[in-house]
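Here the structure comes first, spelled out in structure tokens, and everything after it is commentary.
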Amino acid sequence: MTRIKSSVTIKDLARRANVSPTTVSRVLNNSGYVSEETRLRVEQAIAELGYQPDARARGLRGKPSNLVALIIPDILNVFYTPLSRAIEQNLKEHGYTMLLGVTGESADLYVQYLQSFWESRVDGIIYVPPASGGYSVHTRRLVAQGMPMVEVNRQREVDLLDGVVADNFRGAYQATEYLINLGHERIAFIVGSPEITTGKNRIKGFYRAMMDAGLEIDPELVKIGVFSKEFGIQATEELLELSPRPTAIFATSNRLLMGAMTVLVDHKVRVPDEISVIAFDDSEWLSFWQPPITTVDIAIEEMAMLAVQLLLRWIREGHPPEKPRTYSLSTMLIERKSCKRVSPQPKRA
């Protein structure tokens, strides 16, 4: 899609959508009646042309509120809890109060929060794109209306917004390579949706590490679903039914790890004596588990600080980034006691 351009006018939008300038203004200002079909045509024109109102139009909303919204998918996830705290603390240090919205990965809830936070006159929004799609036009419309936004942990609008993410490809590669160096070849891989960047890039990292080592990837060992405890349980149950079983499991999120460990405990599978386990995302409970879990750590504090800095720069300068960037933060492998060296499997004749 075309990046935002300040030269696009309301008349240009009206011509593209085949409506009157008055109708375009109603859509932009969320005022007056506009049919859903017409509204969608105008929103499509906004996205295609990259409409950006004059900064003075943004100023009509009133004085700065010193409110910033954070939208995340899950407050109970042990990754998003510390990320939310870190973002709130960074905002507080700059005199801002944080409002929080939790989508549960619902696109509908995400769009409702956009509308609610716009009406609350927040000065900007930091958000994690929901796993479900179909909401891009709403994000772009809000940006076109002058709302500063930054994506964190995942990205969808790479041509429009700055984003701060972990180097998910490198992290998954590191974890897989670590298991390979311990002699593992039958490595089970449990991951969430490839429709979101975290899932997609972790899948790429795993596959690349396996291919670089010259190892065959058994499709039965690759479980692709959603980043949830429930899917972790389902995937691990299926893996334990295989013969031979995998010698290692790579659970690519805390939620998936919880599901995997629940099943391994229930089946009295000894870690790492029978199956090695490695995770993605560190948290306090991983170090207290017996045995402590080896994992790939994400620099949450750095992610939060950079996301806030990027948003405040937009707010201060009054315009979006001229060249949106993806800021990819390095990951670090934390070695604990959940992985064991194994003898290479004999090659089939």
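The sequence shown begins at 412 in this note's numbering and counts up by one. The beta-carbon is built from N, C-alpha and C at its ideal position, and this holds for glycine as well.
Identity of the residues DSSP links to residue i by a beta bridge
i	result
K634	I601
E562	Y538 and G574
D519	Its beta-bridge partners do not exist; DSSP assigns none.
F661	F600 and I689
I483	V513
S739	V576
I745	T706
T420	None, per the DSSP bridge assignment.
L478	T508
Integer-rounded CB distance, given that residue j should sit under 8 Å from residue i
i	j	result
I689	L590	6 Å
A662	L668	4 Å
Y521	Y491	Incorrect: roughly 14 Å between the Cβ atoms, too far for contact.
D708	M672	Rounded, the Cβ-Cβ distance is 18 Å, inconsistent with contact.
R581	G610	With a Cβ gap of about 15 Å, R581 and G610 do not count as contacting.
T488	V719	Residue identity differs from the one stated: residue 488 is Asn in this sequence, not Thr. Not really, about 20 Å apart at Cβ, beyond 8 Å.
I628	Y618	7 Å
D578	S741	6 Å
A586	F691	7 Å
Residue i classed as buried or exposed, judged by whether at least 16 other C-beta atoms fall within 10 angstroms
i	result
H595	buried
Y444	exposed
R450	buried
K422	exposed
I486	exposed
G625	exposed
S431	exposed
M714	buried
T705	buried
E562	buried
L471	Since pLDDT at L471 reaches only 49, below the 50 mark, its modelled position is unreliable, and the value read off the structure follows with that caveat. Exposed, because fewer than 16 other Cβ atoms sit within 10 Å of the Cβ of L471.
M558	buried
M621	buried
R597	buried
G643	buried
K751	buried
E728	exposed
S527	exposed
P655	exposed
E454	buried
A466	Caution is warranted here: a pLDDT of 46 is assigned to A466, below 50, making its placement in the model unreliable, and no coordinate value can be reported.
G574	buried
R452	buried
For residue i, the nearest candidate out of the options (CA to CA)
i	options	result
P484	F638, A428, P605 and I628	F638
T514	F490, I482 and I536	I482
S495	R581, G512 and I607	G512
V680	L651, D692, L697 and M669	L651
W529	T550, A425 and T658	T550
T508	V575, P475 and I660	P475
N477	E499, I457, A710 and L460	E499
P657	D519, A718 and I601	I601
L456	A425, Q720 and S446	Residue identity check: residue 456 is Ala in the sequence provided, not Leu. It is A425.
P703	K748, I537, L525 and N564	K748
A480	L439, M560 and V548	M560
R552	S446, V435, K634 and Y584	V435
E516	G603, L510 and G574	G603
D570	Y524, T737 and S754	T737
S698	D684, I711, N665 and V674	N665
V576	V453, Q645, F642 and I537	I537
D684	Q701, S694, V548 and G670	Q701
V676	E448, E648, D692 and G535	E648
A555	P755, A599, H730 and S741	H730
A659	L632, Q523, Q645 and Y584	L632
P755	N564, D578, N592 and K640	N592
R532	I726, E459 and I614	I726
E712	E588, E746, P493 and P540	P493
E588	D623, A518, Q566 and A646	D623
Q566	R452, N612 and M716	N612
A542	G506, N564, G574 and A710	N564
E568	Y584, V548 and G636	V548
P735	N429, L721 and Y584	L721
I614	K640, A583, P630 and S739	A583
L460	V682, G670 and V419	V419
A497	A710, K634 and I635	A710
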